[in-house]
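To start, the structure itself, in structure tokens.
Number of protein chains: 2
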Amino acid sequence: MATTIIDVAKEANVSPSTVSRVIANNPRISERTKQKVREVMDRLDYHPNFQARNLAAKSTKTIGVIMASSSVLAFQNPFFPEVLRGICSAAHASKYGMYLSTGETEEEIFDEVVSMTQGRRVDGIILLYSKVKDRTMDYLQSIDFPFVVVGRPFENEASVTYVDNDNTAIAAEVVDYLLSLGHQDIAFVGGDINYVVSRDRLAGYQQALETAGIPFQQAYYLQDSTVNEDGASAIDALFHLPNRPTALIAHDDLTAYEIISILERKEINVPTDISIISFNNHVLSQHLRPPLTSVDIQIYDLGLEATECLLNKMDDPKLPATHRIIGAKIITRESCARRGID
Amino acid sequence: MATTIIDVAKEANVSPSTVSRVIANNPRISERTKQKVREVMDRLDYHPNFQARNLAAKSTKTIGVIMASSSVLAFQNPFFPEVLRGICSAAHASKYGMYLSTGETEEEIFDEVVSMTQGRRVDGIILLYSKVKDRTMDYLQSIDFPFVVVGRPFENEASVTYVDNDNTAIAAEVVDYLLSLGHQDIAFVGGDINYVVSRDRLAGYQQALETAGIPFQQAYYLQDSTVNEDGASAIDALFHLPNRPTALIAHDDLTAYEIISILERKEINVPTDISIISFNNHVLSQHLRPPLTSVDIQIYDLGLEATECLLNKMDDPKLPATHRIIGAKIITRESCARRGID
DNA sequence: CTGAAAGCGCTTACAG
DNA sequence: CTGAAAGCGCTTACAG
């Protein structure tokens, strides 16, 4: 059996309470006693049992991280490691541990969250996604468990703590950038519309067009799932339009890569024939040919600040909901060009 | 306060022991009682407290996943999300949870592992890397804690359970492939030599050359850190050699991308002027221009099988160490070509 | 500044 | 098939 607090207490000729207080570095214990107890802890190679400590103290010092369902996509998405890195870094700084969800379906994830929270496996939860009508989020709110969302909540925005980019504004900015290059016929390949981020970016796209007096065309709007499933024909349709687009906004770099590959096979040149810009600024985007113009949404900071918000919330559950907006900026590379004269 | 086993027991008119047995689905409890108790659990929305259960049962049903130090690299490495996906999937199938290390330095990671194991925070550990002279691994072995390594251990290979590719053989195969294309002057950009994987691949490279009767040239061997720090000049040196290489093997796709970008700036064409092949077969490798020939090492399977091995080990700690070798294969794309006539 | 005691919420021999 | 009791290894009022 591993050595326990009792062993240490006996060896140091103090009570277990005292050992416990030394572990917690309680100021009411004399330095002399602390030294003595610490020496014994070292000598016996004592390490407190987490379960016992957590049970007694009613806290776990761990954060639950919930990924979106369909793990293949969640993991493949370059967003994931980067946001995790941010979370990791903030958690580590506050000596918190990270517990990762493993559920694969929405149902499983929901059940996992219920048992994580009810079973007190974690002290707080970070939701790595924001979905329309999300049971999990509703549930967390209903039991008043400390949580924070990376992304803007679909409902109850004011009462939920979240960290997000201003996706609507960024998407509008992207459109403006293309407009400034002389483009008018701008296609938009958006993400899954069940995620709020996809809706926000679409809204930004539409608003910017409207501001510029350019009507929104349904045919210019695709979902990235279409491209990933049968990319060639979706892109084909786009390029057989009477006014074929001269610019295209992709929901993320992966989609952009996919599209560029398809275009290449059709001998459509980027950026000469069509300008392409996307979101997320993947590490590899600079290595693509042409190097991809992409929006840096500061994923690491999203994770970092989400964790800080959560830590605050856990510290003081009565704190009002906070919202942090992380800046983003267009990283100009070579996939966008001034519109040629038709 | 959350509802406890006592609440359920009272409500169902049984003892807490019985409720506990119903939770564990103990066959000695009658179906009738089970039904009754389950109904009450549902009605009261009861969820067992993990800490209490773990403390009493002396098991945590969670796996600790330890990443290599220097988290920036660990996270950025595309290896990470993919191996995690494999682990996740196997853990989930066995209803295990995942606890992630957050340490940033080797020292911190070591301390984390000590407290994870001594503090019984996890039942088993997966080491996501294998380093030369690794304290952490030595420690795990010394306390006889269930663990498995993704990668080949540097020492005590026979007594440590691990999952790995046969990196030596694969590297040799890569060389043979290039030889078959007529290349003789083959450069090798390897990984950090503190990792066993880097050593194995280098060994495979050297062996294959030797078998082919081609002397190993120190000038043809670089470490990827050199390329990442001051890529241009390292590559420059390579191309100013009297016999400049006509082929190059890169430790991973990221390094290959980096090199290709540098070459492009020098107007050295891949594959006309130099053939490039690398390891890991990143999702995006097919989208690079030219599409990158790369070795698929089946990262997902590495994670999956490592977890299975660990689960077995935890089930029966007396089991002898097992070693699983995961297959790998060269995915031929367009970055390698037959050697031109000089 | 320190200790004795109760309690955190479970599981599991032991007994019947 | 079920229950009473001890115990898992801590923390934390309470008391002095």
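Residue numbers (numbering that gives the first Met the number 0), protein chains in the order written: chain H, 0 to 341; chain L, 0 to 341. The beta-carbon is built from N, C-alpha and C at its ideal position, and this holds for glycine as well.
{"Query": "Alpha carbon to alpha carbon, how far is H/K132 from L/S277? Give it in angstroms, no decimals.", "Result": "44 Å"}
{"Query": "What are the partner residues of H/Y95, as DSSP defines its beta bridges?", "Result": "Answer is none; H/Y95 lacks a bridge partner."}
{"Query": "Using beta-carbon positions only, say whether L/E81 and L/I298 come within less than 8 Å of one another.", "Result": "yes"}
{"Query": "Going by beta carbon distance, what residues of the same chain come within less than 6 Å of L/L310, once the five residues before and after it are set aside?", "Result": "S93"}
{"Query": "Identify every residue that forms a DSSP beta bridge with L/Y220.", "Result": "L/F187"}
{"Query": "For L/H239, is the classification buried or exposed, using 16 other Cβ atoms within 10 angstroms of its Cβ as the cut-off for buried?", "Result": "exposed"}
{"Query": "Mind checking which residues open and close the beta strand (DSSP E) that includes H/A8?", "Result": "Per DSSP, H/A8 belongs to no beta strand (DSSP E); it is in the alpha helix (DSSP H), I4 to A11."}
{"Query": "Using DSSP bridges, identify the partner residues of H/G63.", "Result": "H/Y98 and H/I124"}
{"Query": "So, for H/E304: in the same chain, excluding its five sequence neighbours on each side, which residues have a beta-carbon less than 7 Å away from its beta-carbon?", "Result": "V162, R323 and I325"}
{"Query": "Just grab the DSSP bridge partners of L/Y161 for me.", "Result": "L/V148 and L/H322"}
{"Query": "Under 8 Å between C-beta atoms, does H/M97 make it to chain L?", "Result": "yes"}
{"Query": "Are the Cβ atoms of L/I28 and L/T17 separated by less than 8 Å?", "Result": "yes"}
{"Query": "Would you list the one or two residues that DSSP bridges to H/F278?", "Result": "H/V294"}
{"Query": "Whole angstroms is fine: what's the gap from L/R337's alpha carbon to L/I108's?", "Result": "46 Å"}
{"Query": "So H/L43 is in the alpha helix (DSSP H); what residue range does that whole segment cover?", "Result": "E30 to L43"}
{"Query": "For H/V165, collect the residues of the same chain with a Cβ closer than 7 Å to its Cβ; drop the 5 residues on either side in sequence, then sort them by chain order.", "Result": "For the sequence presented, residue 165 of chain H should be read as Asp rather than Val. Counting only Cβ-Cβ distances below 7 Å, and skipping sequence neighbours, we find I324."}
{"Query": "I want to verify the contact list: residues of chain H whose CB lies under 9 Å from the CB of L/T3, in sequence order.", "Result": "Simply none; closest approach about 11 Å."}
{"Query": "Using only CA atoms, which one of L/A327, L/P316 and L/D44 lies nearest to L/N280?", "Result": "L/A327"}
{"Query": "Could you tell me whether any Cβ in chain L is nearer than 8 Å to the Cβ of H/G230?", "Result": "no"}
{"Query": "So, with DSSP's three-state summary, where would you put L/L247?", "Result": "strand"}
{"Query": "Measuring only the C-alpha atoms, how far is H/V282 from H/V294?", "Result": "12 Å"}
{"Query": "According to the neighbour-count rule (16 or more other Cβ atoms, all chains shown, within 10 Å of its Cβ), is L/R42 buried or exposed?", "Result": "exposed"}
{"Query": "So, with DSSP's three-state summary, where would you put L/K354?", "Result": "Because residue 354 of chain L is not part of the residues shown, which for chain L are 0 to 341, the question remains open."}
{"Query": "Any residues in the segment 272–290 of chain L with a beta carbon nearer than 9 Å to a beta carbon of chain H? Which ones, in chain order?", "Result": "H281, V282, L283, Q285, H286, L287, R288 and P290"}
{"Query": "Below 8 Å between beta carbons: does that hold for H/V148 and H/L180?", "Result": "no"}
{"Query": "Here's the rule I'm using: 16 or more other beta-carbon atoms within 10 Å means buried, otherwise exposed. How should L/E307 be labelled?", "Result": "buried"}
{"Query": "Report yes if the C-beta distance between H/Q50 and L/Q285 is below 8 Å; otherwise report no.", "Result": "no"}
{"Query": "Given a threshold of 16 other Cβ atoms within 10 Å of its Cβ, counted over all protein chains shown, does L/K317 qualify as buried or as exposed?", "Result": "exposed"}
{"Query": "Determine contact between the segment 28–39 of chain L and the segment 58–65 of chain L, defined as no fewer than three beta-carbon pairs at a distance below 8 Å.", "Result": "no"}
{"Query": "Under a CB-based cut-off of 8 Å, is H/C87 close to chain L?", "Result": "yes"}
{"Query": "For H/N24, collect the residues of the same chain with a Cβ closer than 7 Å to its Cβ; drop the 5 residues on either side in sequence, then sort them by chain order.", "Result": "none"}
{"Query": "Mind listing which residues of the segment 309–328 of chain H have their C-beta closer than 8 Å to chain L's C-betas, in chain order?", "Result": "none"}
{"Query": "Any idea if L/G230 is buried or exposed, counting beta-carbon neighbours within 10 angstroms, 16 or more meaning buried?", "Result": "buried"}
{"Query": "On the three-state DSSP scale, how would you describe L/K328?", "Result": "strand"}
{"Query": "So, does the CB of L/R84 fall closer than 8 Å to a CB anywhere in chain H?", "Result": "yes"}
{"Query": "Should L/L54 be flagged as near chain H, meaning a C-beta pair shorter than 8 Å?", "Result": "yes"}
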